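Trainee: First, the structure itself, so that you have it in front of you.
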Amino acid sequence: MSDKKPERRDFLFTATYAVGAVGAAAVVWPLVDQMNPDASVKALASTEVDVSSLKPGNTITVLWRGKPVFIRRRTQEEIDVARSVKMEDLIHPEKDEDRAKNPEWLVMLGVCTHLGCVPLNDKGDYDGWFCPCHGSHYDTSGRIRKGPAPWNMEVPKYEFVNANTIKIG
Amino acid sequence: MSDHEYTPKSRAGKWFNDRLPLLTLANHLTDYPTPKNLNYWWTFGGILTFCLITQIVTGLVLAMHYIAHADMAFESVEHIMRDVNYGWLIRYIHANGASMFFLAVYIHIFRSLFYGSYKSPREIIWIIGIIIYLLMMAAAFMGYVLPWGQMSFWGATVITNLFSAIPFVGEGVVTWLWGGYSVDNPTLTRFFTLHYLIPFLILGLVVLHIWALHVPGNNNPVGIDVKKPSKDTVPFHPYIVIKDGFALLMFMIVFAFFVFYAPNILGHADNYIEANPLVTPAHIVPEWYLLPFYAILRSVPDKLLGVVAMLSAILILAVLPWLDTSKIRSAVFRPLYKQFYWILVADVLILGYVGAMPAEGLYLLIARVATAYYFLHFLVILPVLGLKERTIPLPLSITEPVLGGSPNIAMAKKKESKLE
Chain A
714 MSDKKPERRD FLFTATYAVG AVGAAAVVWP LVDQMNPDAS VKALASTEVD
764 VSSLKPGNTI TVLWRGKPVF IRRRTQEEID VARSVKMEDL IHPEKDEDRA
814 KNPEWLVMLG VCTHLGCVPL NDKGDYDGWF CPCHGSHYDT SGRIRKGPAP
864 WNMEVPKYEF VNANTIKIG
Chain B
323 MSDHEYTPKS RAGKWFNDRL PLLTLANHLT DYPTPKNLNY WWTFGGILTF
373 CLITQIVTGL VLAMHYIAHA DMAFESVEHI MRDVNYGWLI RYIHANGASM
423 FFLAVYIHIF RSLFYGSYKS PREIIWIIGI IIYLLMMAAA FMGYVLPWGQ
473 MSFWGATVIT NLFSAIPFVG EGVVTWLWGG YSVDNPTLTR FFTLHYLIPF
523 LILGLVVLHI WALHVPGNNN PVGIDVKKPS KDTVPFHPYI VIKDGFALLM
573 FMIVFAFFVF YAPNILGHAD NYIEANPLVT PAHIVPEWYL LPFYAILRSV
623 PDKLLGVVAM LSAILILAVL PWLDTSKIRS AVFRPLYKQF YWILVADVLI
673 LGYVGAMPAE GLYLLIARVA TAYYFLHFLV ILPVLGLKER TIPLPLSITE
723 PVLGGSPNIA MAKKKESKLE
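Going down the list, the protein sequences come from chains A and B.
Counting from 714, one number per residue, gives the positions in the first sequence under the working numbering.
Counting from 323, one number per residue, gives the positions in the second sequence under the working numbering.
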């Protein structure tokens with residue numbers, strides 16, 4: 714092949730394969746992309762939650778985009794513990810100040826970052842959350858401290874619409 | 323393929339066979355020369371074919387009553403159990419059939435490991451088998467999701483989340499698999515579609531598996547080549563058909579025991595609670611047949627490496643024909659391999675046991691040792707053993723050990739004719 718000079722015909726073959734490949738990819742893409750979240754799923758983007766009945770030390774779990782969201786009204790003791798942790802002791806270093814802008818309220822996805830189970834409240838070696846599936850321990854800021862999970866529980870975008878209502882998403 | 327030319331006796335048969343040689347194929351399958359020393363461990367191929375057909379037939383019927391929707395799936399399964407005529411029976415056969423299928427496939431795989439059936443010239447049969455095994459696991463997993471109970475939902479969540487361990491694109495892949503931001507209705511409908519599709523892919527691969535088998539012919543307990551057709555072989559029909567049939571009956575007794583006396587013993591009570599995305603069951607465990615791999619996943623403290631270890635544990639089997647350097651097939655003639663084989667069997671059983679236990683303390687330690695040993699067996703012990711082991715001399719034919727171990731074929735033949 715190498716000692717033969719490319720002819721008109723070789724060019725035609727290559728051009729045909731190239732166009733064919735582009736055509737095949739254009740046909741395959743809709744078949745692949747149809748599996749991505751559809752418009753109706755994407756439309757459920759935000760949820761408003763009334764948190765007025767929540768007492769310090771209590772947690773509620775709400776559903777947002779099919780996922781549980783923990784909203785915890787933390788006690789002063791929990792805040793103090795969370796804020797006194799040294800960064801070098803953390804697997805995924807994040808300041809509590811950055812995770813809970815208003816220290817009393819911790820809002821995060823109740824999804825273990827290992828394989829997606831819902832961790833249990835007030836459990837584990839760090840008195841935060843404990844994932845029963847594969848034994849990940851989270852602290853009172855929802856940060857991973859022990860176990861196979863790689864990251865802290867994710868803090869979603871949220872805001873206080875008024876003193877009693879949190880809008881997630 | 324056939325060793326001799328075949329011509330149908332009837333004129334109509336000849337006319338048809340000239341146009342589509344189905345009768346030649348049927349003749350090949352009945353006359354197919356089979357080593358006469360096959361033991362009962364060789365009956366599991368037939369048993370597995372039975373399992374596949376059972377799953378397809380019962381699955382087809384269940385699909386007539388099941389509704390693949392997150393709001394209705396759980397109820398429709400209860401409807402099958404309570405209202406549909408014989409629905410309880412069909413569903414219990416299907417659910418326990420999956421377990422029976424895996425029981426048979428594990429015996430089939432370990433038979434290959436003992437008698438070296440994966441070695442040259444049968445590597446392609448083996449690799450097709452491994453692909454079938456992977457598809458079986460995918461089908462079983464997706465089938466387990468369909469009743470939309472708590473174990474279904476959280477099993478689906480955990481297993482699909484394995485893909486999030488892929489660097490950079492992991493999260494995107496998981497969202498794509500789910501069709502949303504969590505396991506939900508789009509996930510259920512696509513799992514149902516794929517669960518329906520995979521058995522037919524398996525069926526196609528089974529045809530290739532058997533085709534590839536019929537090129538070199540069966541391995542046998544002695545593990546040496548047989549001349550075919552010869553005194554070493556018997557026709558598949560009626561000899562092997564009867565033997566397979568008898569073994570299948572025995573197997574069906576075990577199958578029926580589970581279906582009629584302990585239909586839920588292999589399942590989890592949590593799956594009779596409807597899926598709830600807010601609560602994870604206290605102790606989630608996969609079905610028993612996935613436990614060894616689950617133990618390997620959990621024994622590695624890093625998420626990505628855990629997933630890599632689990633997948634490697636399965637995929638390492640595909641390269642087994644090249645990891646095992648010994649030319650001797652059967653463990654009967656490999657005194658050291660035979661011992662390591664049984665250690666591996668024990669190792670896999672231990673992994674299965676700790677996979678069902680919580681991943682902490684002593685269980686975790688045992689899981690780590692057993693995982694390390696699993697890989698050691700394939701990556702170090704097998705390659706080295708093939709080069710170092712002193713094997714027992716092979717007999718000249720599969721007939722020889724039966725007739726008193728004379729090294730002389732002519733003598734053996736004489737003895738054989740005397741016996742007749």
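Using N, Cα and C, we set each Cβ at its ideal position, and we do this for glycine too.
Predicted, not measured: the structure shown is a model, and the values here were computed from it.
Considering Cα atoms alone, identify which of K880(A), I857(A), W842(A) is closest to L803(A).
Mentor: I857(A)
Trainee: CA-CA distance, L619(B) and Y466(B)?
Mentor: Approximately 20 Å, taken between the alpha carbons.
Trainee: Using a beta-carbon distance below 8 Å, is R778(A) in contact with chain D?
Mentor: Going by chain labels, chain D is absent from the structure shown, which instead holds the protein chains A and B.
Trainee: Name, please, each residue of chain A whose Cβ falls closer than 8 Å to the Cβ of T511(B).
Mentor: Result: empty, since nearest Cβ-Cβ is about 11 Å, beyond 8 Å.
Trainee: What residue from R341(B), Y362(B), P330(B) has the CA that sits closest to Y561(B)'s CA?
Mentor: Closest by alpha carbon: Y362(B).
Trainee: I'd like the list of long-range same chain contacts for R778(A), defined as Cβ closer than 7 Å, with 5 residues on each side in sequence excluded.
Mentor: Taken in chain order, the residues that qualify are L757.
Trainee: Measure the C-alpha to C-alpha separation of F568(B) and V601(B) and round it to an integer number of angstroms.
Mentor: 48 Å
Trainee: Taking I606(B) as the query, report the chain A residues whose CB atoms sit under 8 Å from its CB, ordered along the chain.
Mentor: C830, P845, C846
Trainee: Here's the rule I'm using: 16 or more other beta-carbon atoms within 10 Å means buried, otherwise exposed. How should R721(A) be labelled?
Mentor: exposed
Trainee: Restricting to runs no shorter than 3 residues, where is the beta strand (DSSP E) found entirely within the segment 566-625 of chain B?
Mentor: none
Trainee: Could you tell me the distance, in whole angstroms, from the CA atom of S728(B) to the CA atom of G683(B)?
Mentor: Its pLDDT being 49, under 50, S728(B) is placed unreliably in this model, and the coordinates cannot settle the point.
Trainee: So M821(A) is in the beta strand (DSSP E); what residue range does that whole segment cover?
Mentor: 818-822
Trainee: Using DSSP with H/G/I as helix, E/B as strand and the rest coil, what is P717(B)?
Mentor: coil
Trainee: Please classify Y408(B) as buried or exposed, where buried requires at least 16 neighbouring CB atoms within 10 angstroms.
Mentor: exposed
Trainee: By the DSSP assignment, the alpha helix (DSSP H) with I665(B) in it spans what residues?
Mentor: It spans 657-678 - the alpha helix (DSSP H) in which I665(B) sits, taken as one unbroken run.
Trainee: Taking D840(A) as the reference, give the member of R787(A), S759(A), V754(A) with the closest Cα.
Mentor: R787(A)
Trainee: Measure the Cβ-Cβ separation of I402(B) and T380(B) and say whether it is below 8 Å.
Mentor: no
Trainee: How about P781(A) and P521(B): are their beta carbons less than 8 Å apart?
Mentor: no
Trainee: Starting from the beta carbon of G501(B), find every residue of chain A whose beta carbon is closer than 8 Å, and list them in chain order.
Mentor: For G501(B), the chain A residues whose C-beta falls within less than 8 Å of its own C-beta are M748, N749, P750, D751, V754, listed in chain order.
Trainee: For a test of the three-state rule: what should DSSP assign to W777(A), helix, strand or coil?
Mentor: strand
Trainee: Would you say S332(B) reaches chain A, if we count a Cβ-Cβ gap shorter than 8 Å as a contact?
Mentor: no
Trainee: With a threshold of 7 Å on Cβ separation, who are the neighbours of I389(B) within its own chain once the five nearest residues in sequence on each side are excluded?
Mentor: A395, S398
Trainee: In its own chain, which residues sit with a C-beta less than 6 Å from the C-beta of F662(B), not counting the 5 before and 5 after it?
Mentor: I703
Trainee: Could you list the residues in the segment 761-774 of chain A with a C-beta less than 9 Å from some C-beta on chain B, going in chain order?
Mentor: T774
Trainee: In chain order, what residues of the segment 613-624 of chain B put their CB closer than 9 Å to some CB of chain A?
Mentor: L619, R620, V622, P623, D624
Trainee: Within its chain, find whatever has a CB closer than 8 Å to the CB of M800(A); leave out the 5 residues flanking it on each side and keep chain order.
Mentor: P806, K808
Trainee: Kindly confirm or deny that the segment 333-341 of chain B and the segment 526-539 of chain B touch, where touching means at least three C-beta pairs closer than 8 Å.
Mentor: By the Cβ test, the segment 333-341 of chain B is not in contact with the segment 526-539 of chain B, since fewer than three Cβ pairs between them sit closer than 8 Å.
Trainee: Where do the N-terminal and C-terminal ends of the alpha helix (DSSP H) with K836(A) fall, by residue?
Mentor: Element bounds for K836(A): not the alpha helix (DSSP H) but the beta strand (DSSP E), 833-836.
Trainee: Would you kindly check if the distance between the Cβ of V630(B) and the Cβ of L828(A) is under 8 Å?
Mentor: no
Trainee: Taking the alpha carbon of S634(B) as the reference point, which residue from I650(B), L360(B), Y616(B) has its own alpha carbon closest?
Mentor: Y616(B)
Trainee: Between S621(B) and T693(B), is the Cβ-Cβ spacing less than 8 Å?
Mentor: yes
Trainee: So for D840(A), helix, strand or coil by DSSP?
Mentor: coil
Trainee: In three-state DSSP terms, what is N507(B)?
Mentor: helix
Trainee: Under the rule that 16 or more other beta-carbon atoms within 10 Å means buried, what is S332(B), buried or exposed?
Mentor: exposed
Trainee: Is the CB of D506(B) under 8 Å away from at least one CB in chain A?
Mentor: yes
Trainee: Between V496(B) and T482(B), is the Cβ-Cβ spacing less than 8 Å?
Mentor: yes
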